[in-house]
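Right, one structure below, let's go through it.
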Amino acid sequence: MDKYYSYTDFLKAVGQQPDSNQAEKLLNEIYLDLFLNRLQRMHRIEQLKALIDKSLDQKNEQKFINYTMELKELLKSTTA
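Structural data, given as structure tokens:
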């Protein structure tokens, strides 16, 4: 789902059509992709928190470490 959108591509789309229809479509696609990425990250964060709680309840240290490391990386990439 991670797509690369360049400013150059956006400017090309704006320059191609005087009514900016292509540019609007590209901009809508970018916003939709960003929105879906955010939803996916938020869902995974909630999943990981539940899995961390479950691993603590089960006293499974290895799963706890794995889930917390993944959560830490996900949170780091979200704020970066």
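Note that the sequence shown covers residues 5 to 84 in my numbering.
C-beta: ideal position from N, C-alpha, C; glycine also.
In this text the structure is predicted, and so the values were computed from the model without any measurement.
Outcome for residue i when other beta-carbon atoms lying within 10 angstroms are tallied against a minimum of 16
i: Y71; result: buried
i: L52; result: buried
i: M5; result: With a pLDDT of only 44 at M5, under 50, the local geometry of the prediction cannot be trusted, and the value read off the model is given with reservation. Per the 10 Å Cβ criterion, exposed.
N-terminal and C-terminal residue of the alpha helix (DSSP H) that residue i is part of
i: Q26; result: N25 to D61
i: N70; result: E65 to T83
Hey, is the segment 52-67 in contact with the segment 25-36, meaning 3+ C-beta pairs nearer than 8 Å?
-> no
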